[in-house]
Amino acid sequence: MAAESKSLKACLISVGNREQEPLYGLFLATFSPTMAEIAAHSGYDFAVIDMLYGYGDIPNVLPCLHALSAAHTPSLIRLPESSAVWAKKALDIGPAGLIFPGINSPKSARDAVSYCAYPPKGVRGAAHPAVRASNYGLDQNYLSKCEHDLLIICQIQHHTHTFILILCCQIDSEVGLESVKDIAAVDGVDCVMLGPLGPGLSPDKLRTAEDAVLELKASRGPGKGPHLAGFPSYRNLQEGSVELKKRGYHLVCGSTDVTLFRDAALASVNSFKSSTSGS
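Sequential numbering of the sequence shown, starting at 1, is according to full-length UniProt numbering.
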């Protein structure tokens with residue numbers, strides 16, 4: 001679990017500086033506070049509450065945030081769509097980051113960044129005196145630190161998926177994949193997320209995109225983004241996650257609560273069914 005006193009963005013910078021191991025998390029699709037709490041106590045560095053493919057809305061997200069916060073584990077929210085309205089709703093309940101789907105150009109990345117900043121830098125609505133993100137107005141330093149602590153991730157993906165406050169931009173098209181370096185260079189984007197899903201997406205194209213992000217980061221020096229995030233193919237989650245770590249990824253989403261429970265349930269049933277009955 002990440003230390004409460006250190007933001008997820010600060011942890012990611014430490015990873016980029018090779019001061020700590022890559023960050024490892026999972027997607028929560030069930031919107032179960034119990035699953036969120038178990039994930040936090042199991043040692044995940046963060047959890048992504050998935051509004052894009054999960055089963056809930058903002059009122060269902062909040063109990064998961066409570067559970068993760070109580071266990072000092074940062075929470076990220078993947079939005080159902082990239083829009084100013086959804087960003088405002090999500091930011092005000094206080095996650096460490098957002099994932100915006102459908103990012104396929106520098107302009108869409110700049111728009112996503114603007115959704116997370118107050119005027120004059122952006123278009124975020126000013127409800128901070130009365131929302132959870134500012135401890136309901138009791139955190140007098142909220143305005144001075146919220147954008148500094150915000151981690152922005154752009155996800156680049158061939159299939160329809162993402163963006164992470166860390167600001168995370170998800171890129172869902174081949175156009176986005178080809179524009180990865182330009183998207184990664186957008187001011188305010190701390191991290192680019194790549195995913196292997198989608199028909200026609202070759203390993204060579206994915207590796208080219210990875211290299212573009214890592215080369216840009218290396219050219220900027222210590223403490224600077226963009227960092228590289230991703231998730232493995234569903235066909236081989238554990239080995240795939242380790243492979244991403246070896247390839248230089250700074251942040252890895254290794255599984256989902258649904259697939260973890262499914263695999264454990266199947267293993268339990270198969271073990272019982274294949275055992276020999278007593279005499």
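Backbone N, C-alpha and C define an ideal beta-carbon position, used for all residues, glycine too.
Keep in mind that this is a model prediction, so the values were computed, not measured.
Top-ranked residue by Cα proximity to residue i, from the options
{"i": "A39", "options": "L52, A127 and L68", "result": "L68"}
{"i": "H128", "options": "S114, I77, Y53 and I93", "result": "I93"}
{"i": "I77", "options": "V189, K9 and P95", "result": "P95"}
{"i": "G225", "options": "A212, R235, L237 and N236", "result": "A212"}
{"i": "K121", "options": "L143, N135 and S105", "result": "L143"}
{"i": "N236", "options": "K107, P196, K145 and P106", "result": "P196"}
{"i": "T259", "options": "E239, L244, D204 and Y234", "result": "Y234"}
{"i": "V85", "options": "G56, A126 and D149", "result": "A126"}
{"i": "K6", "options": "D149, L214 and K205", "result": "D149"}
Buried or exposed (CB count within 10 angstroms, at least 16 for buried), residue i
{"i": "R207", "result": "exposed"}
{"i": "I58", "result": "exposed"}
{"i": "E19", "result": "exposed"}
{"i": "Y44", "result": "buried"}
{"i": "Y115", "result": "buried"}
{"i": "D190", "result": "buried"}
{"i": "G221", "result": "exposed"}
{"i": "P101", "result": "buried"}
{"i": "K273", "result": "exposed"}
{"i": "R262", "result": "exposed"}
{"i": "L266", "result": "exposed"}
{"i": "K89", "result": "buried"}
{"i": "S268", "result": "exposed"}
{"i": "S134", "result": "buried"}
{"i": "H158", "result": "Confidence in H158 is poor, its pLDDT being 47 and thus under 50, which makes the residue's placement unreliable; the coordinate value appears in the next sentence. The residue in question, H158, is buried, as its Cβ has 16 or more Cβ neighbours within 10 Å."}
{"i": "A70", "result": "exposed"}
{"i": "A264", "result": "exposed"}
Cβ neighbours of residue i in the same chain (closer than 6 Å, five flanking residues each side left out)
{"i": "S241", "result": "P232, V252 and G254"}
{"i": "P119", "result": "none"}
{"i": "R247", "result": "none"}
{"i": "Q238", "result": "none"}
{"i": "G56", "result": "F31"}
CB contact flag (residue i, residue j, <8 Å)
{"i": "P74", "j": "F46", "result": "yes"}
{"i": "L216", "j": "A185", "result": "yes"}
{"i": "A218", "j": "M193", "result": "no"}
{"i": "L52", "j": "L79", "result": "yes"}
{"i": "H66", "j": "P33", "result": "yes"}
Coil, strand or helix - residue i by DSSP
{"i": "H72", "result": "coil"}
{"i": "S83", "result": "coil"}
{"i": "F27", "result": "strand"}
{"i": "A117", "result": "coil"}
{"i": "A265", "result": "helix"}
{"i": "L138", "result": "coil"}
{"i": "F231", "result": "coil"}
{"i": "A127", "result": "coil"}
{"i": "L52", "result": "coil"}
{"i": "G240", "result": "helix"}
{"i": "T276", "result": "coil"}
{"i": "S255", "result": "strand"}
{"i": "E151", "result": "The residue you asked about is not Glu; residue 151 is Leu in the sequence shown. The answer is strand: DSSP assigns L151 an E or B state."}
{"i": "G97", "result": "strand"}
{"i": "A47", "result": "strand"}
{"i": "V61", "result": "helix"}
{"i": "V189", "result": "coil"}
{"i": "I103", "result": "coil"}
{"i": "R18", "result": "coil"}
{"i": "R247", "result": "coil"}
Residues near residue i in its chain [Cβ-Cβ closer than 8 Å; skip 5 each side]
{"i": "L28", "result": "M35, A36, A39, A47, V48, I49, D50, G54, C64, T256 and D257"}
{"i": "V15", "result": "E21, P22, L23, H227, H250 and L251"}
{"i": "T276", "result": "none"}
{"i": "Y136", "result": "A130"}
{"i": "E243", "result": "P232"}
{"i": "K145", "result": "none"}
{"i": "N270", "result": "none"}
Nonlocal neighbours in the same chain, by C-beta distance under 7 Å from residue i, ignoring five residues either side
{"i": "L62", "result": "I93"}
{"i": "G223", "result": "I13 and N17"}
{"i": "A117", "result": "R124 and E147"}
{"i": "K245", "result": "P22 and V252"}
{"i": "N60", "result": "F31"}
{"i": "L214", "result": "L228 and G248"}
Beta carbon proximity, residue i to chain C, threshold 8 Å
{"i": "N270", "result": "In summary, chain C is missing from the structure at hand, where a single protein chain is found."}
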